[in-house]
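Below is one structure; the comments refer to it alone.
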Amino acid sequence: MAELLIYGSYGYNGRLISEEAADRGLEPILAGRDGEALGEQARELDRPYRAFDLSDPAVAEELSEVDCVLNCAGPFSNTADELVEACIESGTDYVDITGEIPVIERVKRKSEEAEEAGITLFPAAGLSSVPMDCLSAHLVERLPDATRLALGSETFRPPSVGSITTLLEGLEDGGAIRNEGRLEYVPAAWKSRWIDFGRGVRPAVTMPLGDVSTSYYTTGVPNVEVYTFAPPPARLTLRAHRYVAPLLAVGPVRETLKRIAQLAREGPSKRARERGSTYFWGRPAPRTGHERSPGFE
């Protein structure tokens with residue numbers, strides 16, 4: 077039985093992961109919808125491949141001889157549900173690298189079915205969530221009575237086309253926080269605060285990152301807000317989003333923006349990846365000791 081099938085292996089992130097998996101001797105099966113792209117990649121990596129669409133009712137059969145599926149095909153709102161269902165049916169472990177809150181929440185709702193099938197569902201296993209999740213667990217271990225978590229990140233690297241497309245998929249949702257255990261959608265850049273990520277104090281605003289969900293499920297802390305560094309132009313853009321989101325969420329407009337995004341470089345170059353960095357920050361607080369941070373304009 078093959079250990080690993082990588083779905084979306086020829087995308088930007090999928091290609092990097094497939095190359096790393098092959099280098100580590102994991103012998104992955106490459107998979108996705110585009111047979112031509114898969115064939116070319118398979119020749120480069122000397123790996124077998126399977127081309128299939130997730131709308132095919134026989135997806136579970138494609139996974140029946142696989143231990144684990146790694147889903148790298150974003151936006152995950154278009155791929156996770158079908159692959160999760162197929163994994164439950166075939167008894168295959170599922171992992172993805174999403175940072176999309178709705179996807180994480182839907183996968184979480186499949187926990188009972190996954191347990192009955194004897195498999196693991198592990199969404200958000202990428203850089204967008206794992207470091208922050210580890211930081212959250214560490215902070216709550218240090219302060220067990222925490223009822224609030226403020227988390228943040230500052231990234232110095234350009235996003236991939238896949239990340240931009242995922243962002244466009246969620247335009248109409250605005251922002252999100254966890255309030256007393258409930259997921260609540262709020263306006264974009266809903267709150268602001270000054271954060272020292274280790275390189276001096278920076279302005280940051282709330283963003284709907286997957287850690288709003290993953291940190292809650294990892295720690296049980298009922299109130300979670302996630303911030304990212306946002307210079308003045310970015311803050312203005314995010315706040316303007318509140319008024320233009322209904323237009324941007326219209327199907328034809330969103331699809332046009334996606335096509336424009338595809339014209340850009342697929343993702344950061346090797347040099348940009350090597351020079352890039354991300355800083356993570358977190359602050360837990362008990363209910364009685366939470367101190368509201370001053371905002372800024």
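Using this note's numbering, read the sequence shown as starting at 77 and increasing by one per residue.
Ideal Cβ positions, reconstructed from N, Cα and C, are used throughout, including at glycine.
query                                                                                                                                                                                           : result
Where does Asp-143 sit, in a helix, a strand or coil, going by DSSP?                                                                                                                            : strand
Taking the C-alpha atoms as reference points, what is the distance between Glu-158 and Asp-132?                                                                                                 : 9 Å
For Ser-204, tell me which candidate among Pro-360, Tyr-355 and Ala-361 has the shortest Cα-Cα distance.                                                                                        : Tyr-355
Using beta-carbon positions only, say whether Arg-359 and Ala-226 come within less than 8 Å of one another.                                                                                     : yes
Going by CA-CA distance only, name the one from Lys-346, Gly-286, Phe-305 and Pro-344 that's closest to Gly-175.                                                                                : Gly-286
Phe-128 by DSSP, collapsed to three states: which one?                                                                                                                                          : coil
Comparing C-alpha positions only, which one of Tyr-88, Ala-149 and Lys-184 sits nearest to Arg-382?                                                                                             : Absent from the structure is residue 382, since the part of the chain shown begins at 77 and ends at 373.
Around the Cβ of Trp-266, are there at least 16 other Cβ atoms within 10 angstroms (buried) or fewer (exposed)?                                                                                 : buried
How many whole angstroms separate the CB atoms of Val-300 and Tyr-292, which I take to be in contact at a CB cut-off of 8 Å?                                                                    : 5 Å
Going straight from the alpha carbon of Glu-96 to that of Gly-257, what length do you get?                                                                                                      : 37 Å
Starting from the C-beta of Ala-136, find all residues in its chain whose C-beta is less than 6 Å away, skip the five residues before and the five after it, and write them out in chain order. : Ala-162, Glu-165 and Ser-166
In terms of alpha-carbon separation, which member of Val-145, Arg-269, Arg-100 and Leu-139 lies closest to Ser-85?                                                                              : Val-145
Report all residues from its chain with a CB closer than 7 Å to the CB of Val-216; omit the five preceding and five following residues, and keep chain order.                                   : Ala-222, Thr-295, Val-297 and Pro-360
Output the distance between the C-alpha atoms of Asp-129 and Val-183, rounded to the nearest integer angstrom.                                                                                  : 20 Å
Is Gly-251 buried or exposed, if buried means 16 or more other CB atoms sit within 10 Å of its CB?                                                                                              : buried
Closer than 7 Å by C-beta to Ala-213: which residues in its own chain qualify, once you throw out the five before and the five after it? Chain order, please.                                   : Thr-294 and Thr-295
Helix or strand or just coil, what does DSSP make of Ser-289?                                                                                                                                   : helix
Can you tell me where the beta strand (DSSP E) with Asp-172 in it begins and where it stops?                                                                                                    : 169 to 172
Going along the chain, which residues of its own chain have a beta-carbon closer than 8 Å to the beta-carbon of Ile-105, five neighbours each way excluded?                                     : Ala-78, Leu-80, Leu-81, Ile-82, Arg-123, Pro-124, Tyr-125, Arg-126 and Val-142
I need the straight-line Cα distance from Ile-195 to Ser-140, nearest angstrom please.                                                                                                          : 13 Å
Between which residues of its own chain and Lys-169 is the CB-CB distance below 6 Å, once the five residues before and five after are set aside?                                                : A small correction: the amino acid at residue 169 is Asp; Lys does not occupy that position in the sequence shown. Taken in chain order, the residues that qualify are Cys-144, Ile-195 and Thr-196.
So what's Ser-205 in DSSP terms, helix, strand or just coil?                                                                                                                                    : coil
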